[in-house]
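Numbering (my numbering), first residue to last: 5 to 279. Okay, structure first, notes after.
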């Protein structure tokens, strides 16, 4: 039952883009046997070997739920199925020695040979409900695919923002701890003003944090012009004490009155056994 439904659905979806008249008709499908060729199958079904090039002549692989491209018709595989609209099937006496099977909604039973060609059915009347059902089915699958794409995209954006917020919190915490440790020995008892100015520059895209320090009003420390050695010593001392944090210090530099202390997030260690 499942290969039947898959074959019918695949062929119908292909035909809906090529011929409304073909979609409105029943399909006659033939299971390809060993030794068959595309032209031979086309002759058995329609009486003419060249009809395999027509858009309404389709071969499907039910096992893989795929429609076979026409550039692969030069080599067909037993078990594939060739399908054509019922009104295009050749009448008795066309030389067909094998009996194709007419696909219905719920059966794959053979019938008494190909049916005679009759007048083409109009896309209106009895075929109109089928056209509407096909349009609704196509719309349903399109909406489902669009919803799946939106869902996957939203999940990816949510995960990205979640990781970015977590990294920002990590950088903010490390920067606050570093600044408090740096200014602790500079605090003068009885003076409420902070001894230094501090700023944090977080760059999560580059996994980088810049800590900017400058002397407060009336102070000269820290700066790299007069106290480079002392600043480097204090920075190394604090960075060593905070080595359990996942940041590596980079060389210092000056930006105006600010001493810039760059830190780079350490890469996560690789897990798993080493070969």
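Heads up, the beta-carbon is just placed ideally off N, CA and C, and yes, glycines get one too. As the structure is a computational prediction, the values presented were derived from the model and not from experiment.
| Query | Result |
| --- | --- |
| Would you check if the region 226–242 and the region 154–169 touch, i.e. whether three or more CB-CB distances between them fall below 8 Å? | no |
| Enumerate in chain order the residues of its own chain whose CB-to-CB distance from residue 250 is below 7 Å, with the five nearest sequence positions on each side excluded. | 269, 270 |
| So, at 6 Å on beta carbons, what are the nonlocal neighbours of residue 217 in its own chain, with the 5 sequence-adjacent residues on each side left out? | 200, 202, 226, 263 |
| Can you grab the Cα-Cα spacing for the pair residue 221 / residue 169, in whole Å? | 34 Å |
| Are any of the Cβ atoms in chain C nearer than 8 Å to that of residue 228? | You won't find chain C in this structure, because it holds only one protein chain. |
| Check whether the Cβ atoms of residue 239 and residue 253 sit closer than 8 Å, and answer yes or no. | yes |
| I need the straight-line Cα distance from residue 92 to residue 159, nearest angstrom please. | 49 Å |
| How long is the line joining the alpha carbons of residue 209 and residue 256, rounded to whole angstroms? | 21 Å |
| Give me whichever residues DSSP pairs with residue 158 in a beta bridge. | Paired residue(s): none; residue 158 is not in a bridge. |
| Excluding five sequence neighbours on each side, which residues of the same chain lie with their C-beta closer than 8 Å to the C-beta of residue 231? | 224, 225 |
| Which residue wins for smallest C-alpha separation from residue 73, given the options 266, 83, 56? | 56 |
| Tell me the rounded alpha-carbon separation between residue 44 and residue 64. | 16 Å |
| Can you tell me which of the three DSSP states residue 262 falls into? | strand |
| Using 8 Å as the threshold, is the C-beta distance between residue 34 and residue 85 below it? | yes |
| With distances taken Cα to Cα, identify the nearest neighbour of residue 181 among 195, 137, 237, 247. | 247 |
| Taking residue 80 as the reference, which of 242, 30, 62, 140 has the closest Cα? | 62 |
| Just verifying my parser: in three-state terms, what is the DSSP assignment at residue 216? | strand |
| With burial defined as no fewer than 16 other Cβ atoms inside 10 Å of the residue's Cβ, what is the status of residue 49: buried or exposed? | buried |
| Which residues does DSSP list as the beta-bridge partners of residue 85? | 35, 64 |
| How many angstroms separate the CA atom of residue 243 from the CA atom of residue 163? | 31 Å |
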